[in-house]
Amino acid sequence: MVSIFELFKIGIGPSSSHTVGPMVGACRFANRALEFLSSQPLWTDASLRIEVELFGSLALTGLGHATDVAILAGLSGHLPATSEPEAIAKRVSEIRTTQTLKLGGKRTLPFLESRDLLWRRNDFLPEHPNGFRIKLFVTNGQTKDIEPGHCSEEALFSDEYFSTGGGFVYSRD
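Heads up: take any position in the sequence shown, counting from 1, add 3, and you land on the working numbering.
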């Protein structure tokens, strides 16, 4: 049963499916990543990277609906109902200026928006038109199999989220 508090949501943009759902999903991923990383003390923040892929409607209209802002805020630990718009704007500005993202408000990872926030305008996930995927990578550094000066990455885990409207979001896990 859905409560009255679940039906009415506070959000940062004109569309809850483009802001509230993505922010909640990104925050869930950040919490999951922090829990995972707490058991991996050898990885430095500089060796980690988050990648977000937006699909379907989120990719096609998300820039105008502030989906990028919602994703960055969620990855930083913000949730729609408990975050002030000014705090979100400040955090997103810091991410874009410093090219770092404070994952869940705790760990500072490199984040180049042009590399790490991907708008897959021609691709759709089959489950729902408002889909997005978030991955956590570790850079393995130089290995004997890689040319000198190059490094490889390994995806530690990923999850796909679907913003179904009204601020509701579900994932595959």
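Idealized CB from N, CA, C, for every residue including glycine.
Cβ of Gly59 within 8 Å of Cβ of Pro132? yes
For my contact list, Arg94 and Ala76 are in at a C-beta cut-off of 8 Å; report their separation, rounded to the angstrom. 6 Å
Rounding to the nearest angstrom, what Cα-Cα distance links Asp48 and Arg110 in this structure? Near 6 Å, if we compare the C-alpha coordinates of Arg110 and Asp48.
Do Leu106 and Leu78 have their CB atoms nearer than 8 Å? Between Leu106 and Leu78, the C-beta gap is smaller than 8 Å, which places the two residues in contact.
If the criterion is Cβ atoms closer than 8 Å, does the pair Thr70 and Thr22 meet it? yes
Short check: CB of Leu51 to CB of Phe140, under 8 Å? yes
Looking only at its own chain, which residues have a Cβ that is under 6 Å from the Cβ of Leu82, when we skip the five neighbours before and after it? Cys30
Sub-8 Å separation of Gly28 and Ser174 beta-carbons: A contact, by the Cβ cut-off of 8 Å.
Distance, Ser155 Cα to Gln102 Cα: 20 Å
Buried or exposed for Pro44, please, with buried defined as at least 16 other CB atoms from any protein chain shown within 10 angstroms of its CB. exposed
Going by other Cβ atoms of all chains shown within 10 Å of its Cβ, with 16 needed for buried, is Ala158 buried or exposed? exposed
Counting along the chain, where does the alpha helix (DSSP H) carrying Ser117 start and finish? Glu116 to Asp119
Rounded C-alpha distance that separates Ser166 from Asn143: Roughly 33 Å between the two C-alpha positions.
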